[in-house]
Amino acid sequence: MSKPLFLTGLAAGAALMGAGYLGRRNLARTQRLTGIIPIVKPYIDIETAEGVLAVMERLPEERVTIVLHTLGGCVTACVLIANALRQFRDSTAIVPYMAISGGTLIALSATHLEMGGRASLSAVDPQIMGQRVKHLAESKDKPSIAALAREYDAAMRKYVRARLSERLPEDRLGPAMDLLLGEHAPHEWPIQRPEIEALGITVAPAARQWADLVDRHRGRAW
């Protein structure tokens, strides 16, 4: 999978989530037993999605907790994780510090959302080669790129609307779409908990233990 197409403008490389903390084999076993999956890395790639889906497939119950600390990543990878998360009867996304771009998409796909007091989400509109697709869609210089941009823009708008409609009444979808598609702010502009709550989305406070978990993983993954 090539990396020019991603949700966040930062395509930084990183180790597999939590690699080295317990050892990959022991970590996967611990995740299956606890139902807690940390995604602590700057860039969510296909390898990350494969690892997350493999753990989800083997969870003993229909319950999962995702702990997110990320700048986003590959559109396909983030949507794969988001779709898998939605198939659980009871799912929780916890954001101690930040889940930007594709991380926001995953967070909003869970049944329950928890955020730290200073945590932020962001817009989820896709980018191609570091440029927002909505800015590329009308380009006349590169018609093939413009066509691809329109496809991604339409697909993401449909996807975001579907996810929001599961949480919000019809009359609140417009403002929520504007905020989460970045209609009035840069792509990575932080969206804090009060703004999410103002849309009508329930956000619970994240316990300090989740920030501690991210801190332990972050030194190895960032």
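Residues in the sequence shown are numbered from 183 upward in steps of one, following our numbering.
Just so it is clear, CB atoms sit at the ideal spot from N, CA and C, and this is done for glycine as well.
Here His399 is buried. Its C-beta has 16 or more other C-beta atoms within 10 Å. Taking Trp392 as the centre and dropping the five residues before and after it, the same chain places the C-beta of Val249, Ile276, Pro278, Glu296 and Gly298 closer than 8 Å to its C-beta, in chain order. The Cβ neighbour count for Gln269, taken over all protein chains shown within 10 Å, is under 16; the residue is labelled exposed.
A residue is called buried once 16 or more other Cβ atoms fall within 10 Å of its Cβ, and Arg240, having fewer, is exposed.
Contact between Ser283 and His369 is confirmed by a C-beta separation of about 7 Å, below the 8 Å threshold. Counting along the chain, Leu287 sits inside the alpha helix (DSSP H) bounded by residues Gly284 to Ala289. In the DSSP assignment, Thr258 is bridged to no other residue.
Ranked by Cα distance from Thr286, the first of Gly312, Leu253, Asp272 and Arg300 is Leu253.
Within the same chain, Cβ atoms closer than 6 Å to the Cβ of His251 are found at Val222, Tyr279 and Val396, the five residues on either side in sequence being excluded. Straight across, the Cα-Cα distance linking Leu262 with Tyr341 is about 12 Å. Using a Cβ distance threshold of 7 Å, Ala305 and Gly382 do not count as a contacting pair. Taking all protein chains in view, the Cβ of Arg375 is crowded by 16 or more other Cβ atoms within 10 Å, so the residue is classified as buried. Across the set Tyr334, Ala319 and Ser302, the C-alpha of Tyr334 shows the shortest separation from the C-alpha of Pro308.
Between Pro224 and Val234, the alpha-carbon positions lie close to 15 Å from each other.
Taking 8 Å as the upper bound for CB-CB distance, Leu361 and Arg343 are not in contact here, some 13 Å apart. Collapsing the DSSP output to three states places Glu232 in a helix. Between Cys260 and Ile228 the beta-carbon gap is near 10 Å, outside 8 Å, which marks them as no contact. Here the C-alpha atom of Lys322 lies approximately 16 Å from the C-alpha atom of Arg314. For Asp335, the enclosing alpha helix (DSSP H) begins and ends at Pro325 to Ser347. A Cβ-Cβ separation of about 6 Å places Ile288 in contact with Leu267 under the 8 Å criterion.
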